[in-house]
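Novice: Below is the structure I would like to discuss, written out as structure tokens.
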Amino acid sequence: MERILGIDTGTNSLGWAIVDKDENQYHLVAKGTNIFSEGVKIEKGIESSKAAERTEHRSVRKHYWRRKIRKIRLLTILSDNDLCPRLKHEQLRQWRLKKVYPTDDTFMEWQRTEDKAQVNPYKFRYICLTQKLDLSDITQRFILGRALYHLNQRRGFLSNRKEATKESEGTVKEGISSLSKDMKDSGCEYLGEYFYQLYQQGKKIRNHYTARKEHYLKEFKAICSKQELDDALIEKLEKAIFDQRPLKSQKGQVGTCTFEKGKSRCPSSHPLYEDFRMYSFINNIKVQVDTLYDKGERSLTDEEKQLIIPLFKRKSKRTFPFEDIAKKIAGKNNYCYIKSNEEKAYKFNYQMDTQVSGSPVNAQLEEIFGEDWLSSVCEVYTLANNKSRLQIMNDVWHVLFFYDDEDKLKEFAKDRLQLDDELAEKFSKISIPNDYAALSLKAIRKIMPYLRDYGLIYSEAVFLANLVDVLPQHVWGIKEMREAAIENVIDVMHSYDKNNIDGITLEGCVKTFLKERYQVSDDNLKKLYHPSMLDPYPRQRPNDEGVFQLGSPRISSVKNPMAMHSLFRLRKVVNLMLKKGYITPDTKVHIEFSRDLNDANKRWAIQTWQRENEKERERCRKEIEKYIASPSDTDILKYQLWEEQNHKCLYTGDEIRITDFLGDNPKYDIEHTIPRSAGGDSTKMNLTLCSSRFNRDEKKTKLPAELVNHDEILERISNWKEKYEDIDKQIRKISTKGATSKEDKDSKIRRRHYLILQRDYWRGKYQRFTMTEVPEGFSRRQGTDISVISRYARMYLKSVFKQVYIVKGIATSDFRKMWGIQDEYAKKERVNHVHHCIDAITIACIGKAEYDKLADYRHQYDDYLFQGKTKPTFDKPWPSFVIDIKHIQDELLIAHYAKDNLEKFTKKNLRGKDGRIIRDKFGNKLQMKGDTSRNSLHNDKFYGAINHEGEIKYVYRTNIEALDAKSIGNIVDPTVRSIIESAIAIHGSLKAAINKGIWMNEEKHIPIKKVRVFRNDVKKPIELKDQRDLSDKDYKQHYYVTNDGNYMMLIFSKLNNKGREIRQHVVINSLEATEVIKSHKRSQVGKVVWESYYSKEGFDLIYKLKSGTMILLYENNRDEVWDLDIRNLQKRLYIITKMKYDGRIYMMHHQEAREKKDLEEKSGSFKINEDYRPLIVNSYNQFNALVQDLDFEINDLGEIRRLI
């Protein structure tokens, strides 16, 4: 008896099933579905990382905080030196810690500006630059202080020299140069002087690119010099105004090396990595030559390699087309791609427009120091002191990689590299890429000699790279023996036949040779590198109870939050099965991973592709409905294939009319390009619309290439080839190296993934017509490629289970159809969470024997179709399989996991005064707990309150670009509303009107940029906090926000004098709940006793409900639930999705998979034998249910246990 666990994973679901296999018969043992939230935030169809959202908000808070601290530090100096009205240190402390802004009249007056009275900070800056003030006069001291305070407010951000890309750097530098030129043309030497001139002329001052050093620091020093301030004060002021906290190092986020455990990946800017990348590419080039002196396919010669190396060392070209290499080797117009039909003397294994990465850092260093730049540096480097060439290279690279300031780089170049001013300037301008390689510098150093000196391709060089740790020291330590051993291993690799009858792998062949020739131990053989190595999960051992448990799936190589969240849920479910003894490490595991568990960019591409396909299906449906009512999925598929074929039969060339394939007895039907008996699948890529007669009498089980008119067929689909080749060109042109931002880079990556999906579809469809034979195992390789996540998941499960197999989605789909639980061309229904469990059962029952049976069945079925033999049958996993599957819905309890983050507070590493992390005696980081919640407490938007016609209404301020038709009508100011409506009427749309300009006063060029809008649906917002400057009107004294969801509902009950139940309820929003939890944790330990905070006199608490809580509904009494069988129990299991202030409770059936917006709300108390209601709405008075964790417990396997 063999036990098998089948697992179907998704972005928010996990279906599982356990089956026992006895010879050829399966028996279903257990099954279930676990539902959870995605590991990312999805809002209005836009996906974002939850961590990224928190980081974004935290960054904004930190930005405001640091700007405030900078002001406080400067005000402290100004106040102490009588350069501003005196402020007590306690006042500044209150502002820093409690956000209480100093409101002294003299201080507020000092900051105030007034155009009419010419009180303006730009004027003060101009005065300080052009006049020597009398600093014995307090008024003039205040003018100087106000000018300095304004520099503090405007000084901007000093960008990191490594951050700017060519595009962004060009835009900013161009703006700065333009401003400097305008200043010079206006006769102004300093920025404050120039801006004051613009102010006097009534011109715009803001939105100029300004340089910290060239403009603000220069002006600051000029003011200090003009006012003859003492050096000590100048130093304090400069530090307070211009000092900038260095960016936090992201070194800890860099992944680890594939080959060397614990070693960080090497930055791609390292000169040695650039050489490694260059030789890896050069050694992989193959050329097919047909000249008088040279014929056949070969690698490049040493002379050819030396010829093309300078192409990589061009400063101006970080990437270049492969055609540059081809032209250098073959000469002009004497080359082409190896698969091209052109007649050329040189044919290369790369497309001519393939982008090749150059060596920009080496190129820039060679420009300064010469071709052998490292030797030149070694001769002049003043800190050489017995350092190796590699150590000196690292010193130079570290300076380039870590120094942020160009001046410091110049200083290093002059002092340590002994360069003159001109070359030092060039050295300081060397630009450094910011990305990382997949390998560490240690691994690269080991691989490089085999690439450079032996000319091996990357995969071969990797095999040899760690021989230093594998071979015995007496072999490796002697040069002649070492070189002989390397040559011997190379000979073994080059003589390896991958088609050997023994099935020995190349790795096995090399290991056998090393073991026999050099007596290398098994432990040492494990140290060999392998090109496909991944970070392994450690093999798990049984715990104290003798039970195996999966460890944490978190490893540095996987940064995908959605996949990681899915793996953690997988761990929870599988560990519970192990603990309960349902499975053991000997259980065979079959698992299918969803394509949506790819990274966010690939997921976007897949979802976009799917949405477009769905839109296309809907368009086809509407077209077909002109001819027949209610078209089937098969009809839609036929129509799509008909359009792909330009309304022609690809095999006969005949024109196909729409009536030829719709309706009864069609002349044309769906045909499999690669016959299913030969391993073809039923995906659209393998289907065409073909003459039924031709398919039956001519094609039968043949491949298209076996037909006599194959050339004519290829001519009819030549447009498919042109299409995928054109898409392939577009893919090769997309490069992320010039991306100016993360968004730009993501956009290019998404576009690339999307085009790859298109290309692969059309290429796969075309190539099926060119196959002369079907490769062995072709059927099992069809469908989505096994992703990196799937491979990691397999390794993760193998840390406990001995046999783990990945099952592809296309195989699951095929077997669902063959076993009769889904129609041949129908789409899978996703309205019920039970389908995850059904997929898991299918997956569990798919093994090698089932693949073989399917292949045999398809051969027999083709014999039945084309040779008149007996119609075959395809055995199901067990006789009553289909009936049992259909009944699963009646007996499955879906487990829903709802994460409650509200009671989880933030943690921070404890640091000493020097900023270093403090650890305990075991080396563990010590952490301190904060009191900020990890949950969203309210919606982001702030609202203001105004009195409108005697009624308090709530408004928000927004950019006019964000307006829609409804919000335009709700603009507060009637004049502004009228202007915008008129502009729209004139120009036709809001977008067109904005492009033309919407003016409040066109004569004075005053545009309308922002407007206030009524939010009529906001009636009772939350008073979040007080305004800094309190109005005399109560309703204007607060910041208002809207609720982002209620956290909990408490329902209280008591009996009145007549013995009737009376209920009251309290709804607690997330913000209130957080305050309660914080208050509780400060004064008490243990869980919050909510009724003690929200008690109702004379009432008892009967329900404590949260969103995500599961409930069992009853009609008459609580005990009636426990007398029910599973079929009736599952009808009563619901999950709470929402609670409203008025006491309404929204409950969704546990199996319901549709969106809530697609479900009809039905109210009323639960009644025995009532019709199925997917979404129930009860008032708190109608609500009667058993509540999860109070009355019953439901575990991650969907098993219910009574508590009271």
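Following the working numbering, the numbering of the sequence shown begins with 760 at its first residue and continues without gaps.
Positions of the beta carbon are idealized from the N, C-alpha and C atoms, including for glycine.
As the structure is a computational prediction, the values presented were derived from the model and not from experiment.
Using alpha carbons as the reference points, say which of 1580, 1577, 1511, 1461 lies closest to residue 1529.
Specialist: With distances taken between Cα atoms, residue 1529 lies closest to 1461.
Novice: What number of angstroms, rounded off, separates the C-alpha of residue 1306 from the C-alpha of residue 1604?
Specialist: Answer to the nearest angstrom: the Cα atoms are 26 angstroms apart.
Novice: Which value, in whole angstroms, describes the spacing of the CA atoms of residue 1469 and residue 1522?
Specialist: Their Cα atoms are separated by approximately 17 angstroms.
Novice: Taking only three categories from DSSP, how would you classify residue 1604?
Specialist: Note: residue 1604 maps to coil in three-state DSSP.
Novice: For residue 1929, name the three-state secondary structure that DSSP assigns.
Specialist: Residue state, collapsed to three classes: coil.
Novice: Should residue 1042 be labelled buried (16 or more other beta-carbon atoms within 10 Å of its own) or exposed?
Specialist: Flag for residue 1042 reads buried.
Novice: Go to residue 1379, then tell me how far its alpha helix (DSSP H) extends in each direction, as first and last residue.
Specialist: Residues 1359-1383.
Novice: Whose C-beta lies closer than 7 angstroms to the C-beta of residue 1961 among residues of the same chain, with five residues either side of it excluded?
Specialist: Once the five neighbours on either side are set aside, the close Cβ partners of residue 1961 are 1881, 1951.
Novice: Could you tell me the alpha carbon to alpha carbon distance between residue 902 and residue 845, rounded to whole angstroms?
Specialist: Computed Cα separation, rounded: 14 angstroms.
Novice: Measure the alpha-carbon distance for residue 1135 versus residue 1117 and round it to whole angstroms.
Specialist: Using only the alpha carbons, I get a separation of about 22 angstroms.
Novice: Would you kindly work out how many angstroms separate the C-alpha atoms of residue 923 and residue 1329, rounded to a whole number?
Specialist: Confidence is the limiting factor: at residue 923 the pLDDT is only 48, short of 50, which leaves the residue's position unreliable, though a coordinate-based value still follows. Approximately 42 angstroms, taken between the alpha carbons.
Novice: Using alpha carbons as the reference points, say which of 1020, 1803, 1507 lies closest to residue 1201.
Specialist: Nearest C-alpha to residue 1201: 1020.
Novice: How is residue 1766 classed by DSSP in three states: helix, strand or coil?
Specialist: Three-state result, residue 1766: strand.
Novice: List the residues that DSSP assigns as beta-bridge partners of residue 1945.
Specialist: In DSSP, residue 1945 forms a bridge with 1871.
Novice: Based on Cα-Cα distance, which residue from 1753, 1183, 1100, 1662 lies nearest to residue 1128?
Specialist: The option with the nearest alpha carbon to residue 1128 is 1183.
Novice: Kindly list the residues whose CB is nearer than 7 angstroms to the CB of residue 1823, restricted to its own chain and excluding five residues on each side of it in sequence; keep chain order.
Specialist: Correct list, in chain order: 1811, 1855, 1858.
Novice: Counting only runs of 3+ residues fully inside the stretch 1727-1812, write out the beta strand (DSSP E) ranges in chain order.
Specialist: For the stretch 1727-1812, whole beta strand (DSSP E) runs of length 3 or above, ordered along the chain, are 1758-1760, 1769-1773, 1781-1785, 1797-1800.
Novice: Taking 7 angstroms as the cut-off, is the C-beta of residue 1056 nearer than that to any heavy atom in the ligand SAH?
Specialist: Although the ligand SAH was asked about, the structure shown includes no ligands whatsoever.
Novice: Would you say residue 1029 faces chain D, with C-beta separation under 8 angstroms as the test?
Specialist: No chain D appears in the structure shown, which is made up of a single protein chain.
Novice: Is the beta carbon of residue 1160 closer than 8 angstroms to that of residue 1191?
Specialist: Cβ atoms of residue 1191 and residue 1160: closer than 8 angstroms.
Novice: Can you tell which of 762, 763, 764, 772 has the C-alpha that lies nearest to the C-alpha of residue 1593?
Specialist: Closest option to residue 1593, Cα to Cα, is 772.
Novice: Return the CA-CA distance between residue 1011 and residue 1193, expressed in angstroms with no decimal places.
Specialist: Answer to the nearest angstrom: the Cα atoms are 15 angstroms apart.
Novice: Per DSSP, residue 1023 forms a beta bridge with which residues?
Specialist: According to DSSP, which records beta bridges pairwise, residue 1023 is partnered with 1015.
Novice: Which word fits residue 1889, buried or exposed, when buried means at least 16 other C-beta atoms lie within 10 angstroms of its C-beta?
Specialist: Buried.
Novice: Please classify residue 1728: is it buried, with 16 or more other beta-carbons within 10 angstroms of its beta-carbon, or exposed?
Specialist: Its Cβ having fewer than 16 others within 10 Å, residue 1728 is exposed.
Novice: What is the rounded straight-line gap between the Cα of residue 1631 and the Cα of residue 1619?
Specialist: Distance between the alpha carbons of residue 1631 and residue 1619 is about 6 angstroms.
Novice: Distance check for residue 1345 and residue 1965, CA to CA, integer angstroms please.
Specialist: No answer is possible for residue 1965: the residues shown for the chain start at 760 and end at 1963.
Novice: Thinking just about the alpha-carbon of each residue, which of 1319, 1320, 1317, 1334 is nearest to the one in residue 1302?
Specialist: Answer by Cα proximity: 1334.
Novice: On the DSSP letters alone, give me the boundaries of the beta strand (DSSP E) that residue 1351 sits inside.
Specialist: It spans 1347-1352 - the beta strand (DSSP E) in which residue 1351 sits, taken as one unbroken run.
Novice: Assuming the contact rule is C-beta atoms closer than 8 angstroms, residue 1625 and residue 1459 should be a hit. Round their C-beta distance to whole Å, please.
Specialist: Sure, about 4 angstroms apart at Cβ, within 8 angstroms.
Novice: What does DSSP give as the partner residues of residue 1519 in its beta bridges?
Specialist: For residue 1519, which the question treats as bridged, DSSP gives no partner whatsoever.
Novice: Per DSSP, what kind of secondary structure is residue 824 in: helix, strand or coil?
Specialist: If DSSP states are grouped into helix, strand and coil, residue 824 belongs with the helices.
Novice: Using 8 angstroms for Cβ pairs, my map puts residue 1829 next to residue 1803. What's the rounded Cβ distance?
Specialist: Rounded, the Cβ-Cβ distance is 6 angstroms, consistent with contact.
Novice: In chain order, which alpha helix (DSSP H) runs of at least 4 residues are fully inside the stretch 1876-1933?
Specialist: DSSP runs (the alpha helix (DSSP H)) wholly in the stretch 1876-1933: 1885-1891.
Novice: Could you check whether residue 987 and residue 950 sit closer than 8 angstroms to each other, using their CB atoms as the reference points?
Specialist: No; because the gap between Cβ atoms is not below 8 angstroms, this pair is not in contact.
Novice: Only counting the same chain, and skipping five residues up and downstream in sequence, which positions put a Cβ closer than 6 angstroms to that of residue 774?
Specialist: Around residue 774: 767, 792, 1595, 1596, 1598, 1599.
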